[in-house]
Every structure is written in C-alpha cells, then in structure tokens.
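Residue numbers (this note's numbering): 185 to 641.
For glycine and all other residues, C-beta sits at the position ideal for the given N, C-alpha and C.
So the structure is just underneath, and the comments pick up after that.
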Ligand SMILES: *Cc1c(COP(=O)(O)O)cnc(C)c1O
C-alpha cells in the first residue's frame with residue numbers, strides 16, 4: 185500500500201492512503217448513480233481493482249479475436265479514441281483510410297473493379313453488423329424484384345447450414361426473414377450445397393455459405409454451391425444470389441489458398457463479410473462488408489446526411505462510433521502487407537490443425553489446400569498425418585517443413601479456437617517465419633506443460 189505524506193497549511197502532516205480513504209472504505213451503490221462525486225484517483229483505483237476479477241485477455245483465446253497488437257498501433261489507437269468516425273468532414277483522413285481498407289479487401293476478394301472504379305463496401309462493428317447490412321440489401325433487392333413482377337413479397341427466406349453463427353439467426357428474427365437451415369449429419373458438419381439448393385425457392389433472398397465454420401473452422405464448398413445454383417437459376421428463371429460469411433476465413437483464404445475459388449470470382453457471390461478483429465488482426469470492434477457491384481446495394485438503403493457539413497452517404501446500423509479500429513485495420517494492412525499476413529495465416533492454420541487433432545470432437549476439420557477436402561482429413565485417431573504432406577501444394581509443404589514436429593498444445597478447455605488467437609496475434613509481430621527467432625517463438629508458444637504429443641505438419 186502506498187502512503188504519501190503531505191503538509192497542511194498549519195504545518196501538521198497528513199497521511200493519505202488510497203485504500204484507507206473513505207471513498208474506498210464505503211461501498212458504492214451498484215445500481216444507482218452515487219450522490220456524491222469522488223476524486224479521480226479513487227475512481228480509478230476502485231474500477232481497476234474490480235476489473236482484476238476479469239480474465240486476462242491474453243489468455244482468452246476463445247472467440248478468435250485479436251488480443252495483442254504492436255505498441256505503435258496501440259499508440260495510434262490511443263491517439264484516436266476521441267474521434268467520432270461518423271464525422272467524416274472533421275476527420276477526412278480517417279474516412280480515407282476506411283475507403284482504402286474497403287478497396288484493399290475488395291481486391292483481396294477479387295471484386296470486379298474497373299481501373300477507375302472504387303469498391304463498394306463499408307466498415308462495421310464486426311461481422312454481425314456486416315451480415316445485417318448484407319442481408320438487408322438482399323431482402324430489399326428481392327422485394328423490389330417481386331414487386332416489379334407483381335408477386336407477393338411478404339415471406340422472404342434465407343438458406344444456410346445449421347452450423348451458422350448466431351448473427352444469422354438474429355438477422356432472420358430481427359428483420360423477419362425465415363431461416364431455412366440445412367441439417368448437419370454425422371461426420372459432415374457444414375452446409376451440404378446440394379441440400380441447400382434443394383431448399384431454395386422463389387422467396388429465397390440468398391444462400392449464405394460460411395468460410396470458416398464456427399463449429400470447426402471448415403470451409404464450405406462455395407464453388408459447388410455456385411455451380412448448382414447457376415443451374416437451378418437457369419432452370420427456374422430465378423436469380424438467387426450467394427453471400428459468403430468469411431468472418432474468419434476471409435483473411436485466411438486469399439493468403440494461403442489463393443487458387444481456391446470462393447469469392448467474387450464466382451458470379452453468384454454478391455457480397456462478402458469479414459471480421460477485422462479475427463484474422464484481420466485488430467482488437468474487437470471492426471468488420472467489413474463488400475458488395476460485388478453498386479447494383480447489389482439498393483440505393484434506398486443508403487442515407488444521405490448533411491448536418492455535419494457536406495453530403496455524406498451512410499449505410500450502417502449505428503451512427504457514431506470510434507475511429508481507432510479503422511485506423512488499426514489500416515495499420516495492419518500496410519504494416520504486414522501480403523507477405524507477413526500470409527505467414528501469420530500459415531501459423532494460425534498449423535495451430536488450428538493441431539487443436540483439431542487434439543480435441544476429438546473437432547477432429548475432422550482442417551484446411552488442406554491441395555485436396556480442399558477438409559472432410560477427408562485423416563481420422564481422429566491418427567496422430568501423425570505425415571502422408572498427406574506429399575500431396576499438398578508447395579506453399580503448404582513449405583510451411584510443413586517450417587513447422588515440422590510442432591508440439592501441439594493440450595486440449596483447450598472450451599473449444600479448439602482457444603489456441604488460435606494467441607498464436608495468430610503473436611505471429612503478426614514476427615518479422616519472418618523463416619527466421620530462427622520466429623521459430624523459437626513458435627516453440628515457446630506451443631510448448632505447453634501438459635503436452636499431448638507431436639504432430640508433423
Ligand atoms: C465470428 C463470426 C461471426 C460474427 O462476427 P462478429 O465479428 O463477432 O460480429 C459471424 N460468422 C462467423 C462464421 C463467425 O466466425
């Protein structure tokens with residue numbers, strides 16, 4: 185306990201102790217605002233001490249969300265906490281950063297953007313808000329089409345796998361869209377594209393595929409879904425589109441499986457969301473939604489306001505929000521570039537494979553780029569899936585060599601994603617995966633007291 189001694193005007197000395205002060209000795213009311221004010225240091229101490237009962241974010245790996253960024257970025261974040269993002273006239277550079285992020289991400293997702301065109305997209309609080317916006321755009325487009333054809337437009341539905349994240353259920357309930365879920369089955373834990381297309385009818389506003397299923401990280405087969413849907417649309421005359429929920433996979437696939445077609449290269453993919461705070465490597469509070477073209481975002485959803493200065497188009501659920509996360513996302517994109525992001529993805533993928541193998545419930549998933557057959561990953565009982573390596577792409581083999589004999593962490597207590605984020609976030613800080621230092625760091629990260637075995641990637 186720190187004691188400080190101060191002199192009063194009368195010369196007598198006073199001992200003041202934070203923990204002996206009356207502010208800390210009497211409990212504050214919990215649910216009512218206190219009558220009196222308290223000194224700022226007492227307020228700080230009281231809150232700081234109560235927060236000690238929270239978990240340590242660096243040990244919380246459960247929500248795949250970033251828990252560490254470089255100090256330089258922390259400084260940018262701190263310096264911009266007082267900027268309201270929505271005030272674009274006052275903070276035009278922040279707006280410019282968001283636009284650059286949108287364009288960079290749209291290019292990563294192979295959006296068909298002409299030489300002098302800019303991408304269509306927006307920064308959000310996370311993938312959930314991004315999905316609400318994308319869902320609303322689909323709903324409105326579908327309604328407009330049905331109205332124009334003089335057909336009923338009061339029973340929209342959306343087709344997803346039963347493995348969707350809760351935000352899709354929220355979207356369905358909040359915005360009154362029926363959710364038609366494709367059931368999972370033993371040994372197959374993602375949406376079956378054939379079954380999804382069977383569920384599609386004239387009232388289907390879109391089929392949502394997930395890149396990085398919340399249950400096991402597995403990529404759904406968007407290309408197959410696209411091909412089946414193209415055929416069904418041709419047969420029926422509908423034009424049911426696809427949305428890809430790439431909350432976690434959107435910052436993985438472009439870097440390590442560039443040849444995998446899941447994005448705007450597929451003609452029916454009209455919008456994609458990604459969480460900046462997952463593999464975008466930013467602290468919680470940022471997501472992105474990108475549309476293929478201007479036509480895929482109905483104009484009437486965009487509001488134009490002018491009370492902060494010039495005309496501003498907005499399409500978000502919230503009005504005010506902080507700027508820091510946007511700035512932090514821009515930092516990560518330019519700081520890491522393609523190269524380092526790719527490295528951190530590989531490391532994350534390796535860890536994920538480890539954790540998948542460790543936990544029997546999740547054992548079937550993986551991200552094998554060559555076969556793209558996540559489902560055919562060796563059976564859970566196999567501890568050394570070495571034979572697969574020879575069939576992997578060169579990129580994968582490179583990472584295989586790099587991380588051979590990685591020691592797997594013990595089974596996470598809650599989910600396999602437990603192991604993801606710390607490795608991912610620390611990976612971002614590593615200058616190059618091939619340097620001896622980074623290899624050492626990897627060992628430090630993966631060496632756990634209760635080791636469960638060795639895997640050779
Ligand atoms: C995390 C996640 C979401 C929700 O994203 P937030 O950014 O947390 O709002 C949606 N879909 C999938 C597949 C996810 O992994």
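Is residue i near ligand 1, going by C-beta to nearest heavy atom under 8 angstroms?
| i | result |
| --- | --- |
| residue 461 | yes |
| residue 249 | yes |
| residue 319 | no |
| residue 429 | yes |
| residue 351 | yes |
| residue 506 | no |
| residue 312 | yes |
| residue 396 | yes |
| residue 307 | no |
| residue 406 | no |
| residue 345 | no |
| residue 473 | no |
| residue 315 | yes |
| residue 348 | yes |
| residue 432 | yes |
Just to check my reading of the structure: residue i and residue j have Cβ atoms closer than 8 angstroms, yes? What is that Cβ distance to the nearest angstrom?
| i | j | result |
| --- | --- | --- |
| residue 375 | residue 344 | 7 angstroms |
| residue 260 | residue 512 | 7 angstroms |
| residue 323 | residue 389 | 5 angstroms |
| residue 342 | residue 319 | 7 angstroms |
| residue 373 | residue 397 | 7 angstroms |
| residue 377 | residue 412 | 6 angstroms |
| residue 333 | residue 346 | Contact flag wrong, Cβ pair sits at about 31 angstroms. |
| residue 450 | residue 407 | 6 angstroms |
| residue 314 | residue 428 | About 11 angstroms separates the two Cβ atoms, so there is no contact after all. |
| residue 431 | residue 462 | 6 angstroms |
| residue 352 | residue 392 | 6 angstroms |
| residue 475 | residue 321 | 7 angstroms |
| residue 509 | residue 470 | 4 angstroms |
| residue 275 | residue 506 | The Cβ separation is near 11 angstroms, so there is no contact. |
Could you spell out where the alpha helix (DSSP H) holding residue i opens and where it closes?
| i | result |
| --- | --- |
| residue 364 | Here residue 364 belongs to no alpha helix (DSSP H); instead the beta strand (DSSP E) covers 362 to 366. |
| residue 420 | 406 to 420 |
| residue 497 | Element bounds for residue 497: not the alpha helix (DSSP H) but the beta strand (DSSP E), 496 to 498. |
| residue 277 | 276 to 292 |
| residue 263 | 255 to 263 |
| residue 487 | From DSSP, residue 487 is part of no alpha helix (DSSP H) but of the beta strand (DSSP E) over 487 to 489. |
| residue 383 | 377 to 383 |
| residue 438 | 437 to 440 |
For the beta strand (DSSP E) that contains residue i, what are its first and last residues?
| i | result |
| --- | --- |
| residue 455 | 453 to 459 |
| residue 392 | 388 to 394 |
| residue 306 | 304 to 308 |
| residue 473 | 471 to 475 |
| residue 426 | 426 to 429 |
Drop a sphere of 10 angstroms on the beta-carbon of residue i, count the other beta-carbons inside from all chains shown, and report buried for 16 or more, exposed for fewer.
| i | result |
| --- | --- |
| residue 273 | exposed |
| residue 486 | exposed |
| residue 467 | buried |
| residue 549 | Confidence in residue 549 is poor, its pLDDT being 32 and thus under 50, which makes the residue's placement unreliable; the coordinate value appears in the next sentence. With 16 or more Cβ atoms within 10 Å of its Cβ, residue 549 is classed as buried. |
| residue 201 | exposed |
| residue 518 | exposed |
| residue 253 | buried |
| residue 325 | buried |
| residue 349 | buried |
| residue 503 | exposed |
| residue 302 | exposed |
| residue 438 | buried |
| residue 501 | exposed |
| residue 551 | The predicted model places residue 551 with a pLDDT of 37, which falls under 50 and marks its position as unreliable; any figure quoted below should be read in that light. Buried, since its Cβ has 16 or more Cβ neighbours within 10 Å. |
| residue 280 | exposed |
| residue 356 | buried |
| residue 454 | buried |
| residue 328 | exposed |
| residue 370 | exposed |
| residue 592 | With a pLDDT of only 34 at residue 592, under the threshold of 50, the placement of this residue in the model should not be trusted, and no figure is reported. |
| residue 415 | exposed |
| residue 491 | exposed |
| residue 447 | buried |
| residue 240 | exposed |
| residue 722 | The structure shown does not extend to residue 722, since the chain is modelled only from 185 to 641, so the question has no answer here. |
| residue 367 | exposed |
| residue 530 | buried |
| residue 522 | exposed |
| residue 419 | exposed |
Query raised in the report: Enumerated in chain order, which unbroken segments of the beta strand (DSSP E) with a length of 3 residues or greater are wholly contained in the stretch 191 to 243?
Result: Listed in chain order, the complete beta strand (DSSP E) runs (minimum 3 residues) inside the stretch 191 to 243 are 197 to 201.
**Report entry** Segments of 3+ residues assigned as beta strand (DSSP E) that fall wholly inside the stretch 323 to 373
**Finding:** 341 to 345 and 362 to 366
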